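Chemist: Everything in the sequence shown is counted per the working numbering, starting at 35 for the first residue and increasing by one.
We put the CB at the ideal spot given by N, CA and C, even for glycine.
Only a predicted model underlies this, so the values are computations on that prediction, with no experimental measurement involved.
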Amino acid sequence: MRKAIGVDLGGSHVTAGIVGDDGSILGQYEQDIEDRSFDAVLGAVKNVVDGALKDGKAKDAVAIGIGAPGNIEPRSGAVLYSPNFLWTDAPLGDRLRKEYSLPIFVANDARCATLGEHTFGIGAGTQNFVLLTIGTGIGGGIVSGGKLLIGNRAGAGEIGHHQIRPTDGFICGCGKRGCFEAQASGTGLIRHAFAVAPSFPRSKLLDRERDKLGSKMIRRAAQAGDGHGLAAWRNFASDLALGLANIIAFVNPEMIALGGGVSTAGEFMLESVRDRVDELTTMVPRGSTQIVVAKLGNDAGQVGAATMAFQGGLTPS
Ligand SMILES: [Zn+2]
Numbered sequence: 035m036r037k038a039i040g041v042d043l044g045g046s047h048v049t050a051g052i053v054g055d056d057g058s059i060l061g062q063y064e065q066d067i068e069d070r071s072f073d074a075v076l077g078a079v080k081n082v083v084d085g086a087l088k089d090g091k092a093k094d095a096v097a098i099g100i101g102a103p104g105n106i107e108p109r110s111g112a113v114l115y116s117p118n119f120l121w122t123d124a125p126l127g128d129r130l131r132k133e134y135s136l137p138i139f140v141a142n143d144a145r146c147a148t149l150g151e152h153t154f155g156i157g158a159g160t161q162n163f164v165l166l167t168i169g170t171g172i173g174g175g176i177v178s179g180g181k182l183l184i185g186n187r188a189g190a191g192e193i194g195h196h197q198i199r200p201t202d203g204f205i206c207g208c209g210k211r212g213c214f215e216a217q218a219s220g221t222g223l224i225r226h227a228f229a230v231a232p233s234f235p236r237s238k239l240l241d242r243e244r245d246k247l248g249s250k251m252i253r254r255a256a257q258a259g260d261g262h263g264l265a266a267w268r269n270f271a272s273d274l275a276l277g278l279a280n281i282i283a284f285v286n287p288e289m290i291a292l293g294g295g296v297s298t299a300g301e302f303m304l305e306s307v308r309d310r311v312d313e314l315t316t317m318v319p320r321g322s323t324q325i326v327v328a329k330l331g332n333d334a335g336q337v338g339a340a341t342m343a344f345q346g347g348l349t350p351s
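#1: Pull up the distance between the alpha-carbon of Leu205 and that of Ala216, whole angstroms please.
#2: Please determine whether the Cβ atom of His195 lies at a distance below 6 Å from any heavy atom of ligand 1.
#3: Any heavy atom of ligand 1 closer than 6 Å to the CB of Cys208?
#4: Going by the CB atoms, is the gap between Ile52 and Gly61 shorter than 7 Å?
#5: So Ala144 and Gly191 are supposed to be a Cβ contact under 8 Å. How far apart are they, rounded?
#6: Assuming Thr153 is part of the beta strand (DSSP E), what are its boundary residues?
#7: If you follow the alpha helix (DSSP H) that Asp128 is part of, which residue opens it and which one closes it?
#8: Taking the Cβ atom as the reference point for each residue, do Glu151 and Ala38 lie within a distance shorter than 7 Å?
#9: Helix, strand or coil, according to DSSP, for Thr122 in the structure here?
#10: For the alpha helix (DSSP H) containing Gly335, name the first residue and the last one.
#11: Inspect the beta-carbon positions of Asp273 and Ala218 and report whether they are closer than 7 Å.
#12: DSSP state of Asn286, grouped into three classes?
#13: DSSP three-state label for Lys246, please.
#14: With respect to the beta strand (DSSP E) encompassing Ala50, which residues constitute its N-terminal and C-terminal limits?
#15: For Gly269, count the other beta carbons within 10 Å of its own beta carbon; 16 or more makes it buried, fewer makes it exposed. Which is it?
#16: Assuming Gly85 contacts Ala50 under a Cβ cut-off of 8 Å, what Cβ separation, rounded to an integer in Å, is found between them?
#17: Quick one: using the 10 Å Cβ neighbour count with 16 as the cut-off for buried, is Pro235 buried or exposed?
#18: Could you tell me which whole alpha helix (DSSP H) segments of length 4 or greater appear in the region 66-96?
#19: Which of the three DSSP states, helix, strand or coil, is assigned to Val318?
#20: Assuming contact is defined by CB atoms lying nearer than 7 Å, are Ala74 and Ile156 in contact in what I supplied?
#21: Is Asn105 helix, strand or coil by DSSP?
#22: Taking 6 Å as the cut-off, is the CB of Cys213 close to at least one heavy atom of ligand 1?
#23: Count the other C-beta atoms from every protein chain shown that fall within 10 angstroms of the C-beta of Gly111, then say buried if there are 16 or more, exposed otherwise.
#24: Determine the direct distance from the alpha carbon of Ala266 to that of Val230, and round the result to whole angstroms.
#25: Going by DSSP, what residues sit across from Cys213 in a beta bridge?
#26: Please report the distance separating the alpha-carbon of Gly179 from that of Ser71.
#27: Relative to the C-alpha of Gly346, which candidate in Asp309, Ala78, Cys146, Tyr115 has its C-alpha closest?
#28: For Ser306, which residues of its own chain have a beta-carbon under 6 Å away from its beta-carbon, when the five flanking residues on both sides are left out?
#29: So, using beta-carbon positions, are Met342 and Leu149 closer together than 7 Å?
#30: Just mark Ser322 as buried or exposed, buried being the case when its beta carbon has 16 or more other beta carbons within 10 Å.
#31: Who are Val326's beta bridge partners in DSSP?
#32: Considering only the beta carbon of each residue, do Phe139 and Gly104 sit closer than 7 Å?
#33: Going by DSSP in three states, Thr167 sits in which element: helix, strand or coil?
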């Protein structure tokens, strides 16, 4: 079995998996990221890659694939722009190539996760597939005709930044108002809870420090029938459904899989959006897109980064 190191680089931690070409994970090395400066993050990436490479299970690994947030130049592996890390033109690929003799490939983390879910996860066997990773933001990737869409400058699949509420929405990390990510991510759910709070003066839902507020507690309150939680959840689900219907209009995929932290809401989330997605689907046959929960969970990024490396990167051939 061929093996590659698949690295999933996130804003708060980095994980390197030893991944087989059957999608199996043979070992994992993880480190928290506290300092988001380029040199500090590069050091954390090297630590987890070194850990993986020293592991006997990584013997004869053929490549290192890195999934990183932001817009990535596919040949050099430079991170052209990453709002998460506040990096511009960070030479991630080139700096790592100085350290390792193995080929290094870098691509956007959500594109990697899409490749992982499409090759080994819930999307296996589909020709037209979309993955959304819904966590603090919304990442995405589109498979069309069996191939991951890369786009002219590796920007295809930035579904999180199509605007769904340009006049009355929340400000997005990218600077625009009402992006899908600002409205329908875990952060979006918390913001919806604040937005409806004046209608629930006796609610204790948001009675804690802001950095201790999680989207999960708002979802749980909604599931338990709490009025404030439900009002926030309904607005969140309405915005999520709007974005999903737009994706269906653009791509008409067989399947849209919802991954990332918020997807642990599972069937509750799917039930909350299905009818509204159908209502908003006009020109594409209704029901022609299955909306499901992704399968690989937190492993999708590592498996996908390794899959991307096995393929020699995402550079269009
Ligand atoms: Zn945005």
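Modeler: Looking at the atomic coordinates:
#1: According to the sequence displayed, residue 205 carries Ile and not Leu. Per the coordinates, the alpha-carbon of Ile205 lies some 7 Å from the alpha-carbon of Ala216.
#2: Yes, ligand 1 has a heavy atom inside 6 Å of this Cβ.
#3: Within the cutoff, so yes.
#4: Yes, these two residues count as a Cβ contact at 7 Å.
#5: Indeed, because the Cβ distance is near 7 Å, the residues count as touching under 8 Å.
#6: Counting along the chain, no beta strand (DSSP E) covers Thr153; the unbroken alpha helix (DSSP H) around it starts and ends at 143-154.
#7: Unbroken alpha helix (DSSP H) run through Asp128: 126-131.
#8: The answer is no: Cβ separation not under 7 Å.
#9: Here Thr122 sits in strand by DSSP.
#10: Counting along the chain, the alpha helix (DSSP H) containing Gly335 begins and ends at 334-344.
#11: At the C-beta level, Asp273 and Ala218 come within 7 Å of one another.
#12: If DSSP states are grouped into helix, strand and coil, Asn286 belongs with coil.
#13: It is helical.
#14: Residue range 47-54 is occupied by the beta strand (DSSP E) that includes Ala50.
#15: Looking at the sequence provided, one finds Asn at residue 269 rather than Gly. By the neighbour-count definition (other C-beta atoms within 10 Å, threshold 16), Asn269 is a buried residue.
#16: Confirmed, Cβ separation roughly 7 Å.
#17: Its Cβ having fewer than 16 others within 10 Å, Pro235 is exposed.
#18: Residue ranges of uninterrupted alpha helix (DSSP H) with 4 or more members, entirely inside the region 66-96 and ordered along the chain, are 72-88.
#19: Assignment of Val318 by DSSP, reduced to helix, strand and coil, places it in the coil class.
#20: No.
#21: Shown here, Asn105 sits in a strand according to DSSP, grouped into three states.
#22: At least one heavy atom of ligand 1 falls within 6 Å of the beta-carbon of Cys213.
#23: By the 10 Å Cβ count, Gly111 comes out buried.
#24: If I take the Cα positions, the gap works out to 7 Å.
#25: Per DSSP, the beta bridge partners of Cys213 are Gln197.
#26: Looking at the backbone, the Cα of Gly179 and that of Ser71 are separated by about 39 Å.
#27: When only C-alpha atoms are compared, the closest one is Cys146.
#28: Once the five neighbours on either side are set aside, the close Cβ partners of Ser306 are Ala271.
#29: Closer than 7 Å, so yes.
#30: Per the 10 Å Cβ criterion, exposed.
#31: Bridge partners of Val326: Ala291.
#32: Between Phe139 and Gly104, the CB-CB gap reaches or exceeds 7 Å.
#33: Strand, per DSSP.
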